[in-house]
Amino acid sequence: AVATLLGLAALAATGGAAEGSVGEAATRAYGKVDQLLPRRLRHRAAHLRASLETGTVAAPSPGTGVLAALAEAIQHRRVIAFDYVDKDGSATSRRVEPHRHVHHGLRWYLLAWDVGKEDWRVFRTDRITGLRTSTSTCTPRPLPADTALDYLRQGLNKDRTRVVLTVDAPLPAVADAFKHREAELAALDDRRTRVVLMLDTWQWLLLDLAFLDADFTVHEPLGVRDALHAFGARLLRS
Numbered sequence: 001a002v003a004t005l006l007g008l009a010a011l012a013a014t015g016g017a018a019e020g021s022v023g024e025a026a027t028r029a030y031g032k033v034d035q036l037l038p039r040r041l042r043h044r045a046a047h048l049r050a051s052l053e054t055g056t057v058a059a060p061s062p063g064t065g066v067l068a069a070l071a072e073a074i075q076h077r078r079v080i081a082f083d084y085v086d087k088d089g090s091a092t093s094r095r096v097e098p099h100r101h102v103h104h105g106l107r108w109y110l111l112a113w114d115v116g117k118e119d120w121r122v123f124r125t126d127r128i129t130g131l132r133t134s135t136s137t138c139t140p141r142p143l144p145a146d147t148a149l150d151y152l153r154q155g156l157n158k159d160r161t162r163v164v165l166t167v168d169a170p171l172p173a174v175a176d177a178f179k180h181r182e183a184e185l186a187a188l189d190d191r192r193t194r195v196v197l198m199l200d201t202w203q204w205l206l207l208d209l210a211f212l213d214a215d216f217t218v219h220e221p222l223g224v225r226d227a228l229h230a231f232g233a234r235l236l237r238s
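Numbering (my numbering), first residue to last: 1 to 238.
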């Protein structure tokens, strides 16, 4: 029970405070669970929460009403319709067969079969409005990936650059340096680690490696290696 309260407290701190947000729902749930605890555990939970300080990361949060409605539609295989605004600000109306919720990188996504596009699509749930659930049902379709998360990652990585490098540092140190990245790590020996990353921009690599303080060699792509060399020369001239 105490672990549940700690999880709710952390979610309340990072899920937003607006009415209907995940964070606001977590705060209300915390209060309800807290009242059910025996006095001894309630005091312990209060002390833990008082000692907890959570860093907040700005991330859009969908309303719990949208998440709940999507969950119902997924469970009962109902076709849904909604209005959607993409990353470029273009507004469209969609009719889809919902497949799965995916929570990844502080964001909620909906993976669904788009009836109009006749293809799989991924939607940010915080960009969904005017959700309408129909009485029409749908038959599950084969997903072109092992899991919904795998499909989402494939889509997110489509426009990213794959970077392969060797870092002259042991695996634990490298893992700590890249703890905020989706990285494939493999120990080559006790002092060297192979790293494979998918990056939006090569500058993120500079930030992570600067805190590691170790030599490294970029194997591919050549464009990233050239960009790092140019940046190093710029630093020497400063």
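Each residue gets a CB set at the ideal place from its N, CA and C atoms; glycine is no exception.
- Classified as exposed, ALA68 has fewer than 16 neighbouring CB atoms from the shown chains inside 10 Å of its CB.
- Contact between the segment 167-174 and the segment 210-218 is present: three or more C-beta pairs spanning the two stretches fall below 8 Å.
- Short of 6 Å from the beta carbon of LYS158, and not among the five residues preceding or following it, lies no beta carbon of its own chain.
- Along the length of the segment 65-112, whole beta strand (DSSP E) runs at least 3 residues long occupy 78-85 and 91-104, reported in chain order.
- In this structure, the straight-line span from the alpha carbon of ALA169 to that of ARG121 is close to 40 Å.
- Distance between GLY89 and VAL96, taken at the CA atoms: about 20 Å.
- Contact between ALA71 and THR133 is ruled out by a C-beta separation of about 11 Å, above the 8 Å threshold.
- Beta-bridge partners assigned by DSSP to ARG194: THR166 and ALA186.
- According to DSSP, residue pairing for ASP200 in a beta bridge does not occur.
- For TRP108, the CB contacts under 6 Å within the same chain, skipping 5 residues up- and downstream, are PRO62 and THR125 in chain order.
- Per DSSP, the unbroken alpha helix (DSSP H) holding LEU171 starts and ends at 171-177.
- Between the segment 190-208 and the segment 222-233 there are three or more inter-stretch CB-CB distances shorter than 8 Å, so the stretches are counted as touching.
- The beta carbon of THR137 is closer than 8 Å to those of HIS76, ARG77, ARG78 and VAL79 in its chain, skipping five residues each way along the sequence.
- Taking C-beta atoms under 8 Å as the contact rule, HIS99 and ALA81 fail to qualify, at a distance of about 16 Å.
- In this structure, the CA atom of GLU220 is about 51 Å from the CA atom of THR135.
- Going by beta carbons, VAL163 and VAL85 fall outside the 9 Å limit.
- DSSP places ARG132 in no alpha helix (DSSP H) but in the uninterrupted beta strand (DSSP E) bounded by 128-137.
- DSSP places VAL224 in the helix class (H, G or I) of the three-state scheme.
- Nearest to THR64 by alpha-carbon distance, out of THR129, ARG40 and ARG237, is THR129.
- Non-local C-beta neighbours of ARG160 in its own chain, meaning closer than 7 Å and more than five positions away in sequence, comprise MET198, LEU199 and ASP200, ordered along the chain.
- Going by DSSP, ARG181 is part of no alpha helix (DSSP H) at all; its letter is neither H nor E.
- In this structure, ARG192 places its C-beta atom within 9 Å of the C-beta atom of VAL167.
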